[in-house]
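Q: Let me begin by handing over the structure; questions about it come next.
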Amino acid sequence: MKIAVPVYDENLKIFENTGHTPYFAIFKQVGEGMFKKIDLLELRENPRANIHANKGCSHKDEDMSQEEQIAHKKEHDVLGEIIKDCQVVLVKMACKNTAKVFNECGIKICRVAPQVTFAKDSFAHIRLS
């Protein structure tokens, strides 16, 4: 199973706002239970990255026209493309458009505990099958 985690860079600190993360760290889980092993495969760059949007976006869909909302959602489609081979994405925060794209791509969204800072520590706080 492949797992994506939004991160700042190669230090693997989790970026809170998934839709604007600079990178997705891609991990692969092999085995299960006490034999489970999770290895980092690569970092994938996000063309929607905005380092200043870590705590959330400034836009509100309800303030947009229907056409603007459709266009805005389409901007998020690239997120699904970047991690389309992943079965799970671990997030601290994701806007409704980001969540919709992942759901449309069949990528399961798992929430990371607020106290977790680094991607490698996030796996202990969630259940992956």
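When the letters of the sequence shown are read in order and numbered with my numbering, they come out as residues -4 to 124.
Virtual Cβ for every residue (Gly too), placed ideally from N, Cα, C.
With distances taken between CB atoms, is the gap from Ile33 to Lys(-3) smaller than 8 angstroms?
A: Against a cut-off of 8 angstroms, the Cβ pair of Lys(-3) and Ile33 comes out as no contact.
Q: Whose C-alpha, out of Gly14, Gly75, Met29, is nearest the C-alpha of Val86?
A: Checked all of Gly14, Gly75, Met29; the closest Cα to Val86 is Gly14.
Q: Nearest by alpha-carbon distance to Glu40: which of Lys69, Ala(-1), Glu62 is it?
A: Nearest of Lys69, Ala(-1), Glu62 to Glu40, Cα basis: Ala(-1).
Q: How far does the alpha helix (DSSP H) with Phe97 in it extend, from its first residue to its last?
A: Counting along the chain, the alpha helix (DSSP H) containing Phe97 begins and ends at 91 to 99.
Q: Would you report the Cα separation of Ser60 and Gln24, rounded to the nearest angstrom?
A: Rounded to whole angstroms, Ser60 to Gln24 spans 42 angstroms at the Cα level.
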